[in-house]
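Read through the structure below, which is laid out as structure tokens, and then see the notes.
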Amino acid sequence: MITDIDERVLAAVNLHAVLGALPRLAEIAPEAAHLLAREMTRPLTLSLSAPGGLHAHYRFDRTGVSALSAREGRGPTLLFRSAAHLNAVIAGTAQPIPVAGPAGIRFLTRVFTPLTAMLSAVLRPSAEDLTDPERAERSTLLTLDVAAHAIAVVANEDISGRFSAAHMPDGDLDFEVGDTIRYRFAVLDHRVRVDPDHSDTPRAALRFADLDVAGGILSGRESALSCICDGRLEMRGFIPLVDNTSRILDRVGTYLGA
Numbered sequence: 006m007i008t009d010i011d012e013r014v015l016a017a018v019n020l021h022a023v024l025g026a027l028p029r030l031a032e033i034a035p036e037a038a039h040l041l042a043r044e045m046t047r048p049l050t051l052s053l054s055a056p057g058g059l060h061a062h063y064r065f066d067r068t069g070v071s072a073l074s075a076r077e078g079r080g081p082t083l084l085f086r087s088a089a090h091l092n093a094v095i096a097g098t099a100q101p102i103p104v105a106g107p108a109g110i111r112f113l114t115r116v117f118t119p120l121t122a123m124l125s126a127v128l129r130p131s132a133e134d135l136t137d138p139e140r141a142e143r144s145t146l147l148t149l150d151v152a153a154h155a156i157a158v159v160a161n162e163d164i165s166g167r168f169s170a171a172h173m174p175d176g177d178l179d180f181e182v183g184d185t186i187r188y189r190f191a192v193l194d195h196r197v198r199v200d201p202d203h204s205d206t207p208r209a210a211l212r213f214a215d216l217d218v219a220g221g222i223l224s225g226r227e228s229a230l231s232c233i234c235d236g237r238l239e240m241r242g243f244i245p246l247v248d249n250t251s252r253i254l255d256r257v258g259t260y261l262g263a
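Counting in our numbering, the sequence shown runs without a single skipped number right up to 263 at its last residue.
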């Protein structure tokens, strides 16, 4: 079993899955929405860049946060000397290199830094937080979002993930949580992406009975196998899609636990 961490893949997970949960945070955390409404007098785009083709762009305005495929509009940039430097910044043991004017510095200190602190608190709840049903649900929703986007990164970038993706045929696979939450993975030419279009019937699906089951499996509190045996986790459709996505999800756990 491959257990080594590739710093570049971890950096991509941090850029696109961990920070990629900021849009979801703004949707589900009232304090994040209030911060944006109060502080964002005009839209700004934050770019993050490290050597090796590591780039991400996020648009912030009073109504929320959105991920962009390319830079649009004006705003600050955070530079990192390497993938390892970026990972250290996310871990809280280093500082990025900001390229910003006065407005950009104000945004970084008054908006971005508080939002990332909120994000960390929700993704790493205390034992006390988990006794509060609302906070526990918020943590699971955000963890699910991170895991979904990390699956695409690991499938496309990690050596073990690419091996599993190489055995995946073209088609769509859905992660379903109860009847209300769905993430779709579109597989084409052994590349995986999160697809916002859920209009067609997927070729395969993993269905978690509810959010508690999803949270238990993603956090390691529950065994996926035991949940399959008692019906709380169901698989349907074309098995090679489900099986290899499950293998990639196991690898995702290695990166998210790093």
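Here a beta-carbon is modelled for each residue, glycine too, at the ideal position from N, C-alpha and C. As the structure is a computational prediction, the values presented were derived from the model and not from experiment.
Using only the alpha-carbon positions, how far apart do residue i and residue j sit?
i, j, result
"Leu246", "Leu254", "12 Å"
"Met123", "Phe190", "27 Å"
"Met173", "Thr46", "46 Å"
"Val182", "Leu24", "22 Å"
"Asp217", "Gly109", "40 Å"
"Ala89", "Gln100", "12 Å"
"Asp175", "Arg256", "21 Å"
"Ala38", "Ala170", "37 Å"
"Gly106", "Phe85", "18 Å"
"Ile102", "Pro28", "23 Å"
"Val199", "Ala132", "31 Å"
For residue i, report the span of its beta strand (DSSP E) as first-last.
i, result
"Met240", "Leu238 to Gly242"
"Phe190", "Ile186 to Leu193"
Provide the residue span of the alpha helix (DSSP H) that contains residue i, from first to last.
i, result
"His62", "Note, His62: premise wrong, no alpha helix (DSSP H); beta strand (DSSP E) at Leu59 to Asp66."
"Thr46", "No alpha helix (DSSP H) holds Thr46; DSSP gives it neither H nor E."
"Glu227", "Glu227 -> no alpha helix (DSSP H), and no H or E assigned at all."
"Asn19", "Careful: Asn19 lies outside any alpha helix (DSSP H) and carries neither H nor E."
"Ser165", "Ile164 to Ala170"
Might you give, ordered along the chain, the residues of its own chain that have their beta carbon closer than 6 Å to the beta carbon of residue i, omitting 5 neighbours on each side?
i, result
"Thr82", "Ser52 and Val104"
"Gly78", "Thr50"
Give every residue of the same chain whose Cβ lies closer than 8 Å to the Cβ of residue i, excluding the five residues on either side of it in the sequence, and list them in chain order.
i, result
"Glu142", "Leu216"
"Asp144", "Contrary to the premise, residue 144 reads as Ser rather than Asp in this sequence. Answer for Ser144: Val127, Leu128, Pro130, Asp134, Leu135 and Gly220, listed in chain order."
"Met6", "Note on Met6: pLDDT 49, under 50, position unreliable in the model; no value is reported."
"Ala75", "His62"
Going by DSSP, name the residue or residues bridged to residue i.
i, result
"Glu36", "Bridge partners of Glu36: none, in fact."
"Val182", "Ile186 and Phe213"
"Asp3", "Past the boundaries of the shown model lies residue 3; the chain is included only from 6 to 263, so the question cannot be answered."
"Ser52", "His62 and Thr82"
Sequence ranges, beta strand (DSSP E) only - wholly within the stretch 196-222, length at least 3: For the stretch 196-222, whole beta strand (DSSP E) runs of length 3 or above, ordered along the chain, are 196-199 and 209-213.
Length-filtered (3 minimum) beta strand (DSSP E) runs lying within the stretch 55-120: Restricted to the stretch 55-120, the beta strand (DSSP E) segments that are unbroken, complete and at least 3 residues in length are 59-66, 69-73, 82-84 and 102-104, listed in chain order.
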